[in-house]
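Notes follow once the structure below has been shown.
2 protein chains.
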Amino acid sequence: MYRTNTCGELRLSDAGREVTLAGWVQRTRKMGGMTFVDIRDRYGITQIVFESDADAALCDNANHLGREWVIQVTGTVAERTSKNPNLPTGEIEIIAKELKVLNRSEVPPFTIEDETDGGDDLRMKYRYLDLRRSCVRGNLELRHRMAFEIRRYLDSKGFLEVETPVLIKSTPEGARDFVVPSRMNPGQFYALPQSPQTFKQLLMVSGFDRYFQIVKCFRDEDLRADRQPEFTQIDCEMSFVTQEDVLQMFEGLVKHIFKYVKDIDFTDPFPRMTWADAMRLYGSDKPDTRFGMEFVELKDLTGGKGFSVLDDAEYVGAIVAPGCAGYTRKQLDQLTDFVKRPQIGAKGMMWVKIEEDGSIKSSVSKFYTEEELRTWTDRAAAGKGDLMLILAGQTAKTRKQLCELRLEMGSRLGLRDPQKFSCLWVIDFPLFEWDDETQRYYAMHHPFTSPNPDDLHLLDSDTGAVRATAYDMVVNGNELGGGSIRIHEAELQDHMFRLLGLSEEDAQYKFGFLMNAFKYGAPPHGGLAFGFDRFVSILAGLDSIRDVIAFPKNNSGRDMMIDAPASIDDSQLDELQIKLNLKE
Amino acid sequence: MYRTNTCGELRLSDAGREVTLAGWVQRTRKMGGMTFVDIRDRYGITQIVFESDADAALCDNANHLGREWVIQVTGTVAERTSKNPNLPTGEIEIIAKELKVLNRSEVPPFTIEDETDGGDDLRMKYRYLDLRRSCVRGNLELRHRMAFEIRRYLDSKGFLEVETPVLIKSTPEGARDFVVPSRMNPGQFYALPQSPQTFKQLLMVSGFDRYFQIVKCFRDEDLRADRQPEFTQIDCEMSFVTQEDVLQMFEGLVKHIFKYVKDIDFTDPFPRMTWADAMRLYGSDKPDTRFGMEFVELKDLTGGKGFSVLDDAEYVGAIVAPGCAGYTRKQLDQLTDFVKRPQIGAKGMMWVKIEEDGSIKSSVSKFYTEEELRTWTDRAAAGKGDLMLILAGQTAKTRKQLCELRLEMGSRLGLRDPQKFSCLWVIDFPLFEWDDETQRYYAMHHPFTSPNPDDLHLLDSDTGAVRATAYDMVVNGNELGGGSIRIHEAELQDHMFRLLGLSEEDAQYKFGFLMNAFKYGAPPHGGLAFGFDRFVSILAGLDSIRDVIAFPKNNSGRDMMIDAPASIDDSQLDELQIKLNLKE
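Protein sequence lines correspond, in order, to chains Y and H. Residue numbers for the first sequence follow my numbering, beginning at 6 and rising by one. Residue numbers for the second sequence follow my numbering, beginning at 6 and rising by one.
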């Protein structure tokens, strides 16, 4: 037996026991005639004491231990003279009797501490050492715990986890499919699923009633900051349900996770906001509702005073930054620079301050009287000491810019605490998106999304106004997941295809397989999918999903540790009956 | 709301309640002025009654329902006149008040019954309909339940489920790797993992201590009867453990599954058998121990009587088929034909009968006296009415043949009840296998398998006799899983590579990445992997893994339902910078 206890479990009540621990040398230090060795494993750190007086040879061995060596120590648990209240094992130490080196270690390329001296690239290359850091390992422990609780909740609600295939078929829409040549079927390829959407709908046709899966999905796309070519979804689908049933069920899931993983009880129902309101009040379909600072529209108050910027603007919107009237010129210029950055793209920013004495100052006081400006601040319910920030321009673009400004102000004002969680359903998404370039409608989610039953009469007459039975779960400004009720009636589906400009042949070619299955008694059904990596990162309070993935890939889709992807042998290519066709 | 209850839950105590059910039409029949409709969902079947007298129009609608239509029915629960004791809902029926057709169905291509009229190919093509059959769905419910209980057990033992990557690197040994061209890294390929072996060992280096994962693995090989190109493993690894620790832990897992899924309590420890004994007694490293019929070796008793078949044989082995002395000439000929089939390859079979009166008959009585034959039957402890079957030849081959004969006799005698479970650890596998062709040793498992500590002194002097610290879990003659303690010491690993004829460069090229990681403090570790598909199929009492997989592939690796793999667009090939290179 290698150990009687882990390095995290001994307490004062164990004093006097002889124990054996095994783990990694975190650090060693000599003090007087004693050598202290901190031994570490997944469960904690325990201090070992080697006394030179008691056993000089043993102590000498301890002095020769290196960082990250793997050792086994037998000794007696004793109360510490100087206790460490920050360590669960901080009241005890082990007086060593035996020491065995199980394995040596070369000096690691960075320190194995929460605050490491290793840069990103080095940590990724030596990810197996990075994973020894308790903060990184903690993220993966959280991930395990969350996956476990998700399964516990869904199992208790009668959901069956069904594994859908990874080797599937490339779809005509599958521009970003990873493909896999088949040795047994030369010239033919499998594709890796971007989601199990088709299969989960088939399982509903099969009468599985409640399906879920925590499942890897794949997308071969240019990786933006926080995307991975392989990612994990919590994929769910239910039969014989309305939107309300789905929202209830998965609100329950999210609450279960917060309760059993984070010990946070959400007693009230999650707020629900229409997509239209989200865009109007926050300029985003995933508003961060940890703080208010909703948009205020001023267009009707700003016109006709000869200030062309506001006169010509389709939209004038403002937010109120509470207590920021004291912002200096420099601070205001910083904010102006922020909104003028190319990725945000505003032309400029206006402001109105209500000083502590109630007087008003503004960047546009040349054009507006104090009385006129007060109509603006009144509408926004801005008070003494508040700062009103105003953007103007084309509606959709300006809302987006104001959204960024709002988030920036939220961050500056410390209103976006990563340990505070604000959950929200966004509902009533539009069913269609109009594309100016191709002059036609596209499905905002996918072409199987059911229209809101109340809007069915608008399908032909006011297509763009039709709302979808689609919903997103938003937490702290992140889209945690989303889904929809699906169309299960053939006639309605045909109507949708027509509105999307798909001929019968097109529809058959693109979606025929699923449509054929639907001919054999498809039940009403709907569901949703959560991004599991994102879900974990939010609960971990992290901005990036990378550190909640054990072995992530970098922005070029490379695994720096194993150095993949890589070239393969000609013989392998030959067997697959393909060859390279590299462009210059 | 689509339903108040499922089709499986109403009982006599619900009589008088108004309920709404939704599901599929299993069958309709008219009797007198009434129409009976069986409505089905995942949870069961409920009988609906439409009374023509009460509502002729409603009853007429019911008469026009087709098989597998999706309907919603509201009505009152009533006690049945003629109860059906075979159905949990068999005491009640619903007196219908309302009927709504939620969806129609074309006539399905086969009947949705346990005993269906659909052939294999048809069922696979319409797998979404096949999955409606309760027997098939039951397998997947079992699979869900098992996965859930596996996680529950391992979580309770401190194992962390960690997702390892699916897009990894092709290894030099990876002749059967599926590869995935990378669009972002032209000319380079990922590979899909045949197992997460490297990653789980890295997680041990990372100090994760106890890891598991229920994970898809991939192998692009010619598919024998019961293999799938994608399959699921329960992959596990532990640090600071001996073989005994691993066996205890995973014996506990298997017992937990039997207990919580099949309600079978295994109180005794699972038997353990050395590989050598398994080969000697059963001719197999995965003996079916649901029945005895162990091999008896007769070589020392059979020589020198002028019967060259036995005189020249390296090995003479027998099994005793109890109570089969009455076998006719024809039955014996059938058995002889069985062992002579090319896939078994015996030259012939000999037999000795002990008749009920104690007299002995034998196919070799020309060469042996009754007294001589009686020394054979005595050794085999054969009694009156028993039949002894004898094969002879080269040891390894003959044992294999005798193994097949034993299994055949077990089946004929009804000793292989799929609902009886016999679990066994096979231990002490040889570390090396000698290959005559290349005249060198190969690792029987993989080159990281640790030698049995007691045999370390034999590594150079008697290499072939060295036992591995490797073990298999065998259930009913199936290898359910296996694993080993891994080598964690660099010196021993180098020694192994040398014995396997790998130069330092070879070893570095093939395994360098893992070996480098091992330089940074690898703990002693070991683990195992279970084949999850097989595990489920055994508990389901099925021979094949295909029906415990929701969407399996056929023997050509094809998904008949979605028709994958398939050709892809030239534009896709072009973007991946590869082209086809089809052989004639």
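All residues carry an ideal CB built from backbone N, CA and C; glycine is no exception.
Through-space distance from residue j to residue i, alpha-carbon basis
i      : j      : result
H:Q336 : H:V321 : 22 angstroms
Y:R491 : H:E413 : 52 angstroms
H:P423 : H:G546 : 5 angstroms
Y:T81  : Y:L104 : 13 angstroms
Y:F236 : Y:S244 : 26 angstroms
Y:N10  : Y:F556 : 29 angstroms
H:S508 : H:F502 : 7 angstroms
H:E360 : H:L485 : 40 angstroms
Y:A330 : Y:T382 : 12 angstroms
Y:G506 : Y:A448 : 11 angstroms
H:G25  : H:N559 : Note on residue identity: the sequence assigns Thr, not Gly, to residue 25 of chain H. C-alpha separation (whole angstroms): 41 angstroms.
H:E98  : H:E84  : 6 angstroms
H:G131 : Y:L464 : According to the sequence shown, residue 131 of chain H is Tyr rather than Gly. Looking at the two C-alpha atoms, the distance is approximately 33 angstroms.
H:L504 : H:Y514 : 17 angstroms
Y:S200 : Y:P234 : 12 angstroms
Y:E299 : Y:P276 : 15 angstroms
Y:S368 : Y:E375 : 12 angstroms
H:F516 : Y:R109 : 19 angstroms
Y:L258 : H:D268 : 29 angstroms
Y:F426 : Y:K260 : 11 angstroms
H:G562 : H:D125 : 15 angstroms
Candidates the options, of which the one nearest residue i by Cα
i      : options                           : result
H:W280 : H:S289, H:W381 and H:D273         : H:S289
H:G212 : Y:I76, Y:Y287, Y:K291 and Y:P274  : Y:I76
Y:I44  : Y:A67, Y:Q582, Y:Y158 and Y:T169  : Y:A67
Y:G353 : Y:S364, Y:D362 and Y:T341         : Y:T341
H:N190 : Y:S161, Y:T203 and Y:E226         : Y:E226
H:V246 : Y:K304, Y:A27, Y:V112 and Y:F271  : Y:A27
H:D305 : H:M278, H:D316 and H:S466         : H:D316
H:K358 : H:A387, H:F343 and H:D46          : H:A387
H:Q31  : H:Q52, H:D240, H:C241 and H:A522  : H:Q52
Y:K291 : Y:C140, Y:M478, Y:I269 and Y:D433 : Y:M478
H:P90  : H:R16, H:V78 and H:V106           : H:R16
For residue i, the first and last residue of its enclosing beta strand (DSSP E)
i      : result
Y:E484 : N483 to I490
H:C408 : Unbroken run through H:C408 is the alpha helix (DSSP H), T400 to R417; no beta strand (DSSP E).
CB-CB length for residue i against residue j, believed under 8 angstroms
i      : j      : result
H:P529 : Y:Y7   : 6 angstroms
Y:T40  : Y:C64  : 5 angstroms
H:A569 : Y:L172 : 7 angstroms
Y:R34  : Y:L581 : The Cβ separation is near 57 angstroms, so there is no contact.
H:L585 : Y:I583 : 6 angstroms
Y:Y287 : Y:C408 : 6 angstroms
H:R72  : H:V112 : 6 angstroms
Y:G398 : Y:A318 : 5 angstroms
Y:G532 : Y:K205 : 6 angstroms
Proximity test, residue i beta-carbon vs the ligand MG heavy atom, cut-off 8 angstroms
i      : result
H:K102 : The ligand MG is absent from the structure shown, which contains no ligand whatsoever.
Same chain only: Cβ atoms within 8 angstroms of residue i, ignoring 5 sequence neighbours per side
i      : result
Y:D122 : F115 and T116
Y:V266 : L147, R150, M151, E154 and L544
Y:R445 : W439, L505 and G506
Beta-carbon proximity list for residue i, same chain, < 7 angstroms, skipping 5 on both sides
i      : result
Y:I262 : M151, E154 and I155
Y:S542 : S549, I550 and V553
Y:F194 : S175, V184, V185, P186 and S187
H:G38  : E56, S57 and D58
Y:Y48  : T11, C12, G13 and E14
Y:R539 : N483, L485 and I550
H:A522 : L207 and V210
Span of the alpha helix (DSSP H) around residue i
i      : result
Y:N66  : A61 to N68
H:V266 : Q248 to K267
Nonlocal neighbours in the same chain, by C-beta distance under 6 angstroms from residue i, ignoring five residues either side
i      : result
H:I395 : A323 and M355
Y:Q248 : T474 and I490
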